[in-house]
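Mapping of the sequence shown onto our numbering: position 136 corresponds to residue 136, and the numbering continues sequentially without gaps.
Notes for the one structure printed next.
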Amino acid sequence: MERVTPITLKKMKGAGEKITSLTAYDYPTALLLDEVGIDVILVGDSLGMVMLGYETTLPVSMQEMLHHTRAVARGVKRALVVGDMPFLSFQTGVEKAVENAGLFLKAGAQAVKLEGGSEILPVIDTLISFGIPVMGHLGLTPMKIHSYGGYKAQGRTEEAARRIFNDARQLDSAGVFSIVLESIPWKLAKTITEEVGAPTIGIGSGPYCDGQVLVFHDAMGLTPGYQPRHVKKFLQGQEIFRTAVKSYMEEVRSGDFPSPAHSFEMKDFDPEFLRGVQK
Ligand code: KIV
């Protein structure tokens, strides 16, 4: 079983083979995704929202990201593990970015993902020059939620599309090994995919990207409340979990669980002995 590397992804693009990716934040999920053969596991900063209950990804810290990256890395033998650099871990200076990206690699990731375009090129250049593989992220970059005024599709005007297209070209020239394209029109995503050498991984950006990524909890129907247009539930996870938890409660209350099959025997057990009664 060969490990997936940034080079594998480039080969897959060349061969027209779609790249599959999901997020994971814990050991059992990582183990399962790896076992079924997912190509890329992203320890996304979305963990702040789906695992920790934050309203946005902005509060997520390096400590939180590293804690979950270590757990994921322990479960993975084949997939490429990408650590998502959280807000303020790379924007305040190249030195800090290198240090933080290095911590992701020490935690077991093989690459890091950074949100942003031309404004972070010096950081991307430096990380790559130190041998740290970088995944770009363009389009709707959730760290900019407050300047967008909400989670809105990006690149829908000519000017905005041109900006994203130029950013993709620049990231590609800098040597990123792939680019996440989030919530942009499919025609723009298709044009970028055809233009750049780096594989594009789409989320809410149509079918013509080189691969697709979804947040695990969204895809499994485990995220409560409103779901954005791009999410497809491949499992009704919440309903399934709810039904299972109710069954457990019913069986505990009725005494059906635990049954003898879930209990341990002890031969010749005499309760009188424990109570100190001499025979
Ligand atoms: O944090 C995340 O999960 C992501 C994906 C949605 C691409 O950045």
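Every residue, glycine too, gets a C-beta built ideally from N, C-alpha and C.
Contact between the stretch 25–37 and the stretch 69–80 is established, with three or more Cβ pairs separated by less than 8 Å. By a beta-carbon distance limit of 8 Å, Val196 does not contact Met135. Their separation comes to about 13 Å. For the 7 Å CB-CB criterion, Thr141 and Glu115 form a contact.
With respect to the 7 Å criterion, Asp210 and Ile19 are classified as neighbours on the basis of their beta carbons. Boundaries of the alpha helix (DSSP H) around Val50: Leu47 to Val50.
Boundaries of the beta strand (DSSP E) harbouring Leu42: Val40 to Val43, taken from the DSSP string.
Residue burial annotation: Met62 is buried, with at least 16 other C-beta atoms found within 10 angstroms of its C-beta.
Looking at Gly149, Ala15 and Leu33, the one whose alpha-carbon comes closest to that of Ala73 is Leu33. Sequence-distant Cβ neighbours of Asp218 in its own chain, meaning closer than 6 Å and more than five residues away, are Val231.
In the structure shown, the three-state DSSP call for Lys246 is helix.
The Cβ neighbour count for His262, taken over all protein chains shown within 10 Å, is under 16; the residue is labelled exposed. Between the C-alpha atoms of Thr193 and Val245 there is a straight-line separation of about 44 Å. In this structure, the beta-carbon distance from Pro122 to Val94 falls below 7 Å.
Linking Gly204 to Lys233 through their CA atoms gives a straight-line distance of about 14 Å.
Non-local beta-carbon contacts of Val4 in its own chain, meaning distances under 8 Å to residues more than five positions away in sequence, involve Asp39, Val40, Arg78, Ala79 and Leu80 in chain order. When DSSP states are grouped into helix, strand and coil, Ala153 belongs to the coil group. Around the C-beta of Lys152, fewer than 16 other C-beta atoms lie within 10 Å, and the residue is accordingly described as exposed. Taking the Cβ of Asp45 as the reference point, at least one heavy atom of ligand 1 falls within a distance shorter than 6 Å. Following the DSSP letters along the chain, one finds Met12 inside the alpha helix (DSSP H) bounded by residues Pro6 to Ala15. Our two residues, Leu31 and Gly206, have alpha carbons roughly 28 Å apart in a direct line. Shown here, Ala79 sits in coil according to DSSP, grouped into three states, outside any helix or strand.
When DSSP states are grouped into helix, strand and coil, Ala261 belongs to the helix group. Under DSSP, Thr141 takes part in no beta bridge, so it has no partner. Per the coordinates, the alpha-carbon of Met85 lies some 11 Å from the alpha-carbon of Thr69.
In the DSSP annotation of this structure, the continuous segment of the alpha helix (DSSP H) that includes Ser129 starts and ends at Leu121 to Ser129. Judged by their CB atoms, Gly117 and Leu138 are nearer to each other than the 7 Å cut-off.
A distance criterion of 6 Å places the beta-carbon of Val180 in contact range of ligand 1, judged by its closest non-hydrogen atom. For Met135, DSSP records a beta bridge to Lys113 and Ser178.
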